[in-house]
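So the sequence shown is residues 224 to 1297, counted in the numbering used here.
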Amino acid sequence: MLCSLRSIIPCALSPAPSSVHCKSSPATTFISSQAKLVSSSLNGFNGPQTLLTQPVIPISDANFRPYSSLIQSCIDSQSFDAGKSIHSQMLSEGFVPDTYLQTKILMLYARSGDRDDVAVARKMFDEMTERNYTAWNTMILAYSREKDHDEVLQLFLHMLRDGTSPSKFTFPSVIKGCISLDDKEAVSQVQSLIIKVGLNSNVVVGGALVEGYSKFGWMNDAAAAFDEIDGDNVISWNAILSGYLKLSLLEETWCSFHEMLCVGTIPDHFTFATIIRACGTMKSLSKGKLVHSNLIVSGYESDIFVANSLIDMYSSCGDEYSSRMVFELIKEKNQVSWNSMIASYAHLGFYDEAFHQFSRMQDSGHRCDRFNLGSSLAACAALPDLDMGRQFHGYLLRRFLDKDLILGTAVVDMYAKCGCPEKAHHAFDKLDERSEVSWNALISGYVQHDNVEAAIHLYHKMRLVFPPDQFTLANLLTLAANQGTVDLGKQIHAYIIRSGTNLNVVVETELVNMYARCKRLREAGSIFYGMQERNNYSWNSFMDGHEQVGNYSFVLCLFYQMQLHGTKPDSFSLASALSSCIGLSDLKVGKQIHSFMIRNAMEDHKILRCLLVNLYAQCEAMKYAYEVYEIARDKDVYLTNVMISALLERKRVDEAREVFDQMGERTLVSWNMMLMGYSKCGFKNEAFRLFIRMTIEGVIYESLTLVPLFNICASLPALELGEMLHTIVIKRSFSYCSVVLDSAMVDMYLKCGSLEDARSYFDRMDERNIVVWNSMITGYGKHGQSCEVFVLYRKMQEENVKPTGVTFLSLLSACSHGGLVEKGISCFINMLEEDEVEVRAEHYSCMVDLLGRAGFLKEAHEVINKMPIEPEVSTWGALLGACRLHKEVGFGRLAAEKLFELDSENSGHYILMANIYSSVAMWKEGDQIRELMKSRGVKKEPGVSWIQIDNEAHTFHAGDRNHPLAEEIYRTLKELAGKMKTMGYVPDDNYVLRSVDDSEEYLLQHSERLAIGLGLIKLHKRSVIRVFKNLRICGDCHSAIKLISEITGRTILVRDNNRFHHFKDGICSCGGYW
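As structure tokens, then:
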């Protein structure tokens, strides 16, 4: 039909034929009677009954003109029933009107708005022997009102074929029909005809053309048609503005509005509504407020159409206050007003207020519709608020609205975002019709819960109905990024390439994000640098990927590049940059970023403030860290916790406690942080006092709260206190609920020398991570049970727990302490073959210790020489210790020289070398070592031993006589010394740094012997005597304690700084390897 229209229009230029009029005759009586009835209807017509109940006067002879006036009066007053009654009377009397009157009657039926009347009008039209242009226009306009655009164009086609020339009343309806049928060429052809008939300058016709071209986006043609119109009119301007806005040509929209004002055209409510929408789309609050001022002056502030547009504009610009003020000033709020305000609150994140407005709307008598229900469900999804979402879903179910496509999709989205993907799936299955949005909402829900299988399954099902769109692909790429599954990401990328999908910035950015988070930075860079458009998320994703792998300098380069490319850094960009400055300890760049934040009013951002405190603390610029903290208007608990952590890491414990005490609100994290800080900084009593305060204040603590307390018990060590804590764990049902706490308990028992309790708890653990395995293996090694170490190691492998560098360190240490040279070498070789284990200097140090203890000093030295990495203090220290054991001066002197360079302030190295000289009676050289220490200001670390009795630690130094039971202790030790002599004990003066007259008396006063003496006096005979020493136990004491255990029949456990010694019946668990 449209093709026919295009072919007819060029030749449809013949003039319309003249109308034919029928003869007329008077019918005075009838006309007079009907005129009165029509008059009464115009002065208060009460319905068709008014006419039908009046007496009808027969017609004998008709005069057409009065009838025309009567029919016209009915049309003008919209008294269509009265007009139809007159027509019925005319028909019953056999009255035959002429063309003019027929046209009037046609207009009566065509304009009534009733579809049946339009059908009657069409029947009359088809039966007319002569049709003038008014009859054609009447029918064309009638079908246009009925939105039957096919029929409009069919009639227009017949009109042209009939030879009737279209008028200014014809073309607007025809153009509207072409627009509705999406036929741009037809509009162009109609314009050609308009120009030929000379109506292109007509305001009505030209305005219709402008509107037509604008709706098709042909703005150049629209502008050309606009220029042809005589004079300016607001309708044409509105069409131009709407066209530009539809194409998102926002600057052109604004400039056209400005030009309209300049030429003096007065905007109407539609103009203001259009330009306000443009301001909202531009997110230009300043322009929006300017238009608002203009429309107030023009008197449109109270126009409901304009006011609703203002609400949307202010919402788009993020101005909640202005949006609310406009809404409250509306006197007669309509449904759109309420919907706009509810949507505004939901959009701006004021979700509770959105619910409040929803309730107000219901109270005001307005109905719930798909728009406000959709906004409310979106608010439930964003919060997320499952309970409220269920209430709205229940409302939809009660009113059978849950299957509505838009609302049903909103329900799916709500359940998905509220963490109920199964309920979302159920709501999805209930939908009669599903759109791409529905599928994407459900897929997104499974993506949020990292349910790979369900998301992929839905993706494949969706492909059977809809091709995946940009949102689908972005969702799946997010899933791949969250899971770190680069293979899935590559499959999606491959699909995109194969399908030829045109990528937008969202999908490209998700590709960058996926590859970056999967640490495939080369692929991420390839996508990133190929993007035509990059947004903040693009830059941030690429920066974050490089930050993850420690490319901090490159992150800072990207930070500067994004600014050069015109992208302003947001809080995420700044967070990556500040984190990189922390990684680099770059104070200078960090200060520059801080200045940028101040210039852009971002210094109050909570996360960025925390990062600034961390940065300044990392760079040891605590003055600036304090300044950031002090000037913060809102010292929330997160910022305060960061400040406390920064102070504790720098062992500024008192300052941290001061900040802690000033906190208005403390979270469990705050308490745990202080406890952990006290534990790491050695403030043992303060930690337990703080824990007691926690319990007094009623703070509900968790299992992790006890971890630092167990660590303190392990470091003291304090077995009885640890057992008390274990009782708390049992009472609070914390046992076996946290692998971290379980590991801490096992470690405590091991370091307190209770190997049996540690193993018992270890065996009952449901979950054992590599940390607790390493603790047990290390514990058995330090307790001298080397064989059990490898039994545990095999069991660990059976449970598919992969060894780490710490595991191999423990194995090598166990071999060293057990004298298992071949086993140790085998372990070392196995470690070298493990790809995932990094061989460090500590492992070589263990090998040196292993070989050195076994007497292979030359081989130990060769290991050092062949190390692929620089030997550390521990490496040379292992060699020096082995030389002390075997009285080897040569290698010992070499190791000592290295240690005096690398770690010159450690007194232990000097003491070991002096011991070596003393062991071979090189007293002069020993004195030289002491003089060297003195000249360098190195002080010997005093040996300290302690024993826990009734939860009290008793500390002893060598020769200490300050203990209340000192006399009894010395008397007991002298008695034991006498018995030891009878068993062949001879004091070993190799452990005396210089020649003394009474070496026996000197060795008798060693701190560990004093502690054992107290244990023999105070502890029950069946109790294990547990002594702990900060230095290595000397050889003479080691021999003496073996004899003491045999004489007294007591089990004595000594933990020095190297290992545990279990003395029982004259035997030590170390087997001489210590």
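The beta-carbon is built from N, C-alpha and C at its ideal position, and this holds for glycine as well.
Remember, predicted model here, so these are calculated numbers, not experimental data.
- Runs of the alpha helix (DSSP H) lying entirely within the segment 608 to 691 and spanning at least 4 residues, in chain order: 609 to 621, 628 to 640, 644 to 653, 659 to 671, 675 to 686.
- Ranked by Cα distance from residue 516, the first of 1062, 498, 505, 506 is 498.
- Pairing residue 589 with residue 558 gives a Cβ-Cβ distance under 7 Å.
- Distance from residue 765 to residue 781 at the Cβ level is roughly 6 Å; contact confirmed, criterion being Cβ atoms closer than 8 Å.
- Judged by DSSP in its simplified three-state form, residue 528 adopts helix.
- In the DSSP annotation of this structure, the continuous segment of the alpha helix (DSSP H) that includes residue 704 starts and ends at 693 to 706.
- For residue 1202, the enclosing alpha helix (DSSP H) has its first and last residue at 1189 to 1205.
- Exposed is the label assigned to residue 823, since fewer than 16 other Cβ atoms lie within 10 Å of its Cβ.
- Where residue 1248 is concerned, the enclosing beta strand (DSSP E) starts and stops at 1248 to 1252.
- If you look at residue 1261, you'll find it in the alpha helix (DSSP H) that goes 1258 to 1271.
- Counting of Cβ neighbours within 10 angstroms places residue 623 among the exposed residues, the total staying below 16.
- Of the candidates 813, 725, 643, 358, 643 places its Cα closest to the Cα of residue 608.
- According to DSSP, residue 735 shares a beta bridge with no other residue.
- The three-state secondary structure of residue 888, taken from DSSP, is coil.
- With fewer than three CB-CB distances shorter than 8 Å, the segment 1236 to 1247 does not count as touching the segment 929 to 938.
- Fully enclosed alpha helix (DSSP H) runs of no fewer than 4 residues occupy 558 to 571 of the segment 545 to 577, in order along the chain.
- Assignment of residue 300 by DSSP, reduced to helix, strand and coil, places it in the coil class.
- Judged by pairs of C-beta atoms under 8 Å, the segment 845 to 853 touches the segment 863 to 874, as three or more such pairs exist.
- The Cβ atoms of residue 495 and residue 518 lie closer than 7 Å to each other.
- With respect to the C-alpha of residue 586, the residue from 316, 561, 291, 922 having the closest C-alpha is 561.
- Contact check for residue 1255 and residue 1280: beta-carbon distance about 6 Å, within the 8 Å limit, so the pair qualifies.
- Here residue 1014 is not near residue 996, since their CB atoms are 7 Å or more apart.
- Counting only residues of its own chain and dropping the five nearest sequence neighbours on each side, residue 870 has a CB closer than 6 Å to the CB of 878, 879.
- The segment 377 to 393 and the segment 417 to 437 touch, with three or more beta-carbon pairs separated by less than 8 Å.
- In the three-state DSSP reduction, residue 540 falls in the coil class, being neither helix nor strand.
- Residue 1270 is not a Cβ neighbour of residue 1286, given a cutoff of 7 Å.
- Between the alpha carbons of residue 958 and residue 918 lies a distance of about 19 Å.
- In this structure, 1170 is the residue among 1053, 1170, 705 with its C-alpha nearest to the C-alpha of residue 941.
- Per DSSP, residue 1283 is one residue of the beta strand (DSSP E) stretching across 1283 to 1287.
- With a beta-carbon spacing of about 17 Å, residue 1073 and residue 1029 fall beyond the 8 Å limit used to define contacts.
- Going by DSSP, residue 1167 is part of the beta strand (DSSP E) stretching over 1167 to 1172.
- The beta carbon of residue 1166 lies closer than 6 Å to those of 1181, 1230, 1254 in the same chain, with the five residues before and after it left out.
- Restricted to the segment 754 to 814, the alpha helix (DSSP H) segments that are unbroken, complete and at least 4 residues in length are 759 to 771, 775 to 787, 794 to 807, listed in chain order.
- Secondary structure at residue 1275: strand, using DSSP grouped into helix, strand and coil.
- For the pair of segments examined, the segment 1096 to 1108 was found to touch the segment 1077 to 1088: the number of CB pairs separated by less than 8 Å reaches three.
- The segment 394 to 404 and the segment 358 to 367 touch, with three or more beta-carbon pairs separated by less than 8 Å.
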